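Residues in the sequence shown are numbered from 598 upward in steps of one, following my numbering.
For glycine and all other residues, C-beta sits at the position ideal for the given N, C-alpha and C.
Note that the structure is predicted; figures quoted are calculated from it, not measured.
Everything on this sheet refers to the single structure shown next.
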Amino acid sequence: MWGGRGPAPANVTVVIPEGASLSRAAAELEKAGAITSAQRFVILVRLFGGGAGIQAGEYRLAAHESQYDIFRDLMGGKTLQLKVTVAEGKPSIEVYEALMKADGLTGEIQVPVEGTVLPDTYVYSRGDTRQSVLDRMQRAMVDYLAQAWANRKPGIAVSNPRDALILASIIEKETGKPDERRMVAAVYSNRLKRNMKLDADPTIIYPVTKGKPLGRRILRSERDAVNDYNTYTKVGLPIGPIANPGRASIDAALDPAQSNALYFVADGTGGSVFADTIEQHNANVAKWYAIRRARGEM
598 MWGGRGPAPA NVTVVIPEGA SLSRAAAELE KAGAITSAQR FVILVRLFGG
648 GAGIQAGEYR LAAHESQYDI FRDLMGGKTL QLKVTVAEGK PSIEVYEALM
698 KADGLTGEIQ VPVEGTVLPD TYVYSRGDTR QSVLDRMQRA MVDYLAQAWA
748 NRKPGIAVSN PRDALILASI IEKETGKPDE RRMVAAVYSN RLKRNMKLDA
798 DPTIIYPVTK GKPLGRRILR SERDAVNDYN TYTKVGLPIG PIANPGRASI
848 DAALDPAQSN ALYFVADGTG GSVFADTIEQ HNANVAKWYA IRRARGEM
């Protein structure tokens, strides 16, 4: 019956191809065990469906779902939502790889420009194009950056949204601790205002790996390399972002902590210790080296 208990003993997944007729959809439902008779389903839809059409896509149908509820799902396009996640700080090459591997997406894309994707979890339906998902990721970044820039604090070190994005990408790569982001932002903001080199290790790595993990210690030749990214050999920001920063790092770049700190180094616990002067910093570095020696890392 139209509203009676369906035959599927468990949840079933059914894919209705793009452009499929009602008869083709009914055949797919019967094959999946969601209905007992494709012919009967077509007759019932024509009698009780009100002339409404069905939508293509992947559907997750509940165990014993009635023919009426199945038709309502197909008519309303209640497709199974798939997901792809971009973590904060992922470089664009890894965004590209994630989209190319994502189940159910179609078509080709180019590697997006670094920094143009807003990290988040994005839902899509089977058959959507990779380009359409990437477009949403990039629109989300444009929208969030504009919103954050409009709410920026006065007196910050950057003068335009692009520079804010570049700074945010460095902050993102320099710390994984949420409560340190604004302090890291303060260090780099203070250095920019003083025309000091940023000396940010991730800017050494980016030209070498395009943002992927280096997997070893930085070489002296890499630290001394002169290029558009390495902030050990150039004053100011890199020529472009070195990752896709998340909302919190963008916010930190536009609202750094009130601090005079110019330096920071690892503290041995996964965090950092900050210093206003080179003397304080050298003492902190000596402590960090002592910790590493005790661990057998040096």
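Every unbroken alpha helix (DSSP H) within the stretch 791-849, with a cutoff of 4 residues, ordered by chain: 798-806 and 817-820
In angstroms with no decimal places, state the Cα-to-Cα distance between Ala854 and Glu777. 9 Å
Rounded separation between Val609 and Ser869 - CA only: 50 Å
Top-ranked residue by Cα proximity to Ile690, from Ala840, Asp825, Thr772 and Val781: Ala840
Examine chain D for any beta-carbon lying closer than 8 Å to the beta-carbon of Gln707, and answer yes or no. Any reference to chain D falls outside this structure, which holds one protein chain only.
Since Ser869 sits in a beta bridge, which residues does DSSP pair it with? Ala863
Coarse secondary structure for Gly673, derived from DSSP in three states: helix
Which of helix, strand or coil DSSP assigns to Lys680: strand
Inter-residue spacing [alpha-carbon to alpha-carbon] between Tyr886 and Ile767: 24 Å
Report the three-state DSSP secondary structure of Arg736 (helix, strand or coil). helix
Measure the C-alpha to C-alpha separation of Pro560 and Gly630 and round it to an integer number of angstroms. No answer is possible for residue 560: the residues shown for the chain start at 598 and end at 895.
Just the C-alpha distance for Leu859 and Asn827, rounded to the nearest angstrom, thanks. 18 Å
Span of the alpha helix (DSSP H) holding Val755? Element bounds for Val755: n/a, residue is neither H nor E.
Considering Cα atoms alone, identify which of Val683, Tyr665 and Gly648 is closest to Leu626. Tyr665
Does Arg723 come out as helix, strand or coil in the three-state DSSP assignment? coil
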